[in-house]
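Following: one structure in structure tokens, then a few remarks.
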Amino acid sequence: MHERRLLPTMQYGEFSRQAYNRSVTQGRIIKAQLELTYRCNLHCRHCYTDPYNAASLFPRELTLNEIHRLLDEMRDLGIIWLNLSGGDIFMHPDFFEIYERAHRQGFLPQLYTNGTLFTRAVIERLQAMPPFTIDVSCHSVKEERFDWFTQVPGSYRAFRRGMTLLQESGLPFTLKTKLMDWNKDEIDDLRAFTESFGQSFGYTTSLSPRLNGDCSSLAYRIDPQDLRRLEQTNLATDDNDLCAGKQEIARPDSDRLYRCGCGTNSIHISAWGELGACTLQYEHRVSLRTHSLRNAVAQVFGAIQSMRYQSDSPCRSCDIHRFCEKKPTDARWEQGVAEAPIPYDCDIALVRAEHAVRQPLIHPLRNQVVTPVRIP
Ligand code: SF4
Ligand code: SF4
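Note that numbering that gives the first Met the number 0 numbers the sequence shown so that position 208 is 207, with each residue one more than the last.
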């Protein structure tokens with residue numbers, strides 16, 4: 000007779016804490032973001048993937064077999080949280096085949112979507128194998144402005160239909176807002192909308208150049224002084240915007256180009272099969288078409304961890320770097336070199352730092368001569 004063994008159970012918070020601790024002490028990768036496709040039914044004006052949402056480029060995307068192989072390799076690496084993103088995930092012709100395989104393999108799936116593609120059939124299939132969570136973007140609750148921003152008439156109505164279905168489904172979801180120059184005046188309505196689902200409201204502000212280097216998306220950034228006014232109303236920002244972790248005034252303790260958690264316990268796989276350390280890290284990527292996942296991780300993490308500031312960039316000794324969202328790839332597109340400070344990010348970091356310590360601070364670029372050098 001077989002002896003029945005019960006698996007030990009624990010609260011999710013404790014499980015998560017232990018997994019993160021193990022990832023630090025044992026150098027394990029526990030989280031992955033897999034961009035399934037750059038296809039999307041919308042064309043949001045700030046979108047960094049939109050230039051690759053073109054039929055001529057779809058053949059470059061990972062095939063179903065390649066995705067299956069990567070899921071197997073991620074499972075073998077011990078990855079727990081699997082974020083599926085796009086584009087919009089529901090535009091992938093084989094989304095459910097991929098999702099259900101990942102679910103059966105034991106990942107905790109986190110889904111990113113614009114919320115406009117939910118139908119009863121989609122909801123029912125998700126209910127049969129519920130995701131860990133669904134993150135839905137919500138940047139406006141006014142039909143005309145929503146459709147202007149997505150550049151797709153009718154998208155707001157599709158979004159509201161989707162949200163109704165999602166709410167009725169009982170599936171776990173979270174609304175995410177990006178506050179920009181064009182929607183900052185909607186903040187009270189956005190907060191009320193989010194709270195109507197029983198969720199607390201937060202927002203992020205960071206925008207990046209598009210994947211092809213086009214910086215026109217940055218025109219939608221919120222003015223730092225507007226952010227200062229919002230911070231003074233004590234509205235919480237979403238901490239996910241800040242990679243830097245604990246927020247305090249302190250000189251960097253190393254010359255590392257990546258001072259955040261980049262290159263430690265998370266990976267990002269682009270829809271073209273390139274491995275990076277996070278969504279917007281494009282300084283060093285390795286193709287998963289020519290390398291195993293394990294080998295690519297070793298190469299990318301080694302490169303990211305060894306990159307050092309070589310120039311006299313103010314970032315090197317910046318007291319408020321922990322409040323800063325500067326990403327080296329953004330700096331390369333926007334300022335020409337990865338080491339350069341991004342003046343807009345300096346302004347935002349200053350607003351956040353001054354809000355945190357409740358006193359005026361010196362702007363990191365004041366009286367500084369910025370002469371970053373190009374690294375070959
Ligand atoms: S919904 Fe997302 S992927 Fe689609 S265009 Fe908007 S930001 Fe880009
Ligand atoms: S971009 Fe500005 S705020 Fe950010 S680390 Fe560099 S100097 Fe500091």
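The C-beta atom is built at its ideal place from N, Cα and C for all residues, glycine as well.
Regarding Leu178 and ligand 1, is the C-beta to nearest heavy atom distance less than 7 Å?
Position 179 of the sequence shown, counting from 1, holds the residue named residue 178. It does not: the Cβ of Leu178 is nowhere closer than 7 Å to a heavy atom of ligand 1.
Helix, strand or coil for Asp254? Go by DSSP, reduced to three states.
Here residue 254 corresponds to residue number 255 of the sequence shown, with the count starting at 1. The answer is coil: DSSP assigns Asp254 none of H, G, I, E or B.
Starting from the Cα of Glu353, find the closest Cα among Pro223, Asp311 and Tyr51 and give me that residue.
Position 354 of the sequence shown, counted from the start, is the residue given in the question as residue 353. When the alpha-carbon of Glu353 is set against those of Pro223, Asp311 and Tyr51, the nearest one is in Pro223.
According to DSSP, is Ser291 part of a helix, a strand, or is it coil?
Locating residue 291 in the sequence shown gives position 292, counting from the first residue. Note: Ser291 maps to coil in three-state DSSP.
Quick one: residues with CB closer than 6 Å to any heavy atom of ligand 2, in chain order, please.
Pro313, Cys314, Cys317, Ile319, His320, Cys323, Lys325, Pro340, Ile341, Asp344, Cys345, Ala348 and Pro363
Since Ala270 is in the beta strand (DSSP E), which residue starts that stretch and which ends it?
For this step, residue 270 is matched to residue 271 along the sequence shown. Ala270: not part of any beta strand (DSSP E); DSSP gives it neither H nor E.
Do Gln309 and Glu338 have their beta-carbon atoms positioned less than 8 Å apart in this structure?
Counting from 1 along the sequence shown, the entry for residue 338 is found at position 339. Counting from 1 along the sequence shown, the entry for residue 309 is found at position 310. Result yes, Cβ atoms of Glu338 and Gln309 sit closer than 8 Å.
Straight-line CA distance for Gly262 to Ser269?
Indexing the sequence shown from 1 puts residue 262 at position 263. Indexing the sequence shown from 1 puts residue 269 at position 270. Whole-angstrom Cα-Cα distance: 16 Å.
Would the beta-carbon of Gly85 be found less than 7 Å away from any heavy atom of ligand 1?
Residue mapping note: residue 85 aligns to position 86 of the sequence shown, counting from 1. Under cutoff, so the answer is yes.
Going by C-alpha to C-alpha distance, which of Met128, Glu34 and Arg119 sits closest to Arg103?
Indexing the sequence shown from 1 puts residue 103 at position 104. Arg103 has its Cα closest to that of Met128, out of Met128, Glu34 and Arg119.
How about Leu41: is its Cβ closer than 7 Å to a heavy atom in ligand 1?
Residue 41 sits at position 42 when you count from the first residue of the sequence shown. The answer is yes for Leu41.
Three-way DSSP call (helix, strand, coil) for Arg103 in this model:
Reading the sequence shown from its first residue, position 104 is the one you call residue 103. The answer is helix: DSSP assigns Arg103 an H, G or I state.
From the DSSP output, read off the bridge partner residues of Thr132.
Along the sequence shown, one-based indexing puts residue 132 at 133. Answer by DSSP bridge pairing, in chain order: Gln109.
Looking at the strands, I want to know which residues DSSP matches up with Tyr37.
Position 38 of the sequence shown, counting from 1, holds the residue named residue 37. Paired residues: none, contrary to the question.
Residue from Val350, Val356 and Ala355 whose Cα sits closest to the Cα of His362:
Along the sequence shown, read from residue 1 onward, the residue named residue 362 stands at position 363. Comparing Cα positions, the closest option is Val350.
Taking all protein chains shown into account, do 16 or more other C-beta atoms lie within 10 angstroms of the C-beta of Cys317, making it buried, or fewer, making it exposed?
In the sequence shown, counting from the first residue as 1, residue 317 sits at position 318. Under this definition Cys317 is a buried residue.
Please report the distance separating the alpha-carbon of Glu13 from that of Ala53.
Stepping through the sequence shown from its first residue, residue 13 is reached at position 14. Stepping through the sequence shown from its first residue, residue 53 is reached at position 54. Cα-Cα distance, rounded: 43 Å.
What are the partner residues of Tyr155, as DSSP defines its beta bridges?
As a working mapping, residue 155 is identified with position 156 in the sequence shown. Looking at the DSSP assignment, Tyr155 forms no beta bridge with any residue, so it has no partner.
Contacting residues, own chain, Cβ-Cβ under 7 Å from Leu125 (five flanking each side not counted):
Mapped onto the sequence shown, residue 125 falls at position 126. Only Leu170 meet the Cβ criterion.
Is it buried or exposed for Thr48, if we count other Cβ within 10 angstroms and need 16 for buried?
As a first step, residue 48 is located in the sequence shown; it is residue number 49 there, counting from the start. Buried: at least 16 other Cβ atoms inside 10 Å.
What did DSSP end up calling Tyr202 once you bin it into helix, strand or coil?
Taking the sequence shown and counting its residues from 1, one reaches residue 202 at position 203. The answer is strand: DSSP assigns Tyr202 an E or B state.
Would you check if the segment 25-41 and the segment 176-195 touch, i.e. whether three or more CB-CB distances between them fall below 8 Å?
No: fewer than three Cβ pairs fall under 8 Å.
Relative to the C-alpha of Gly260, which candidate in Ile248, Thr278 and Trp271 has its C-alpha closest?
For this step, residue 260 is matched to residue 261 along the sequence shown. Taking only the C-alpha atoms, the option nearest Gly260 is Thr278.
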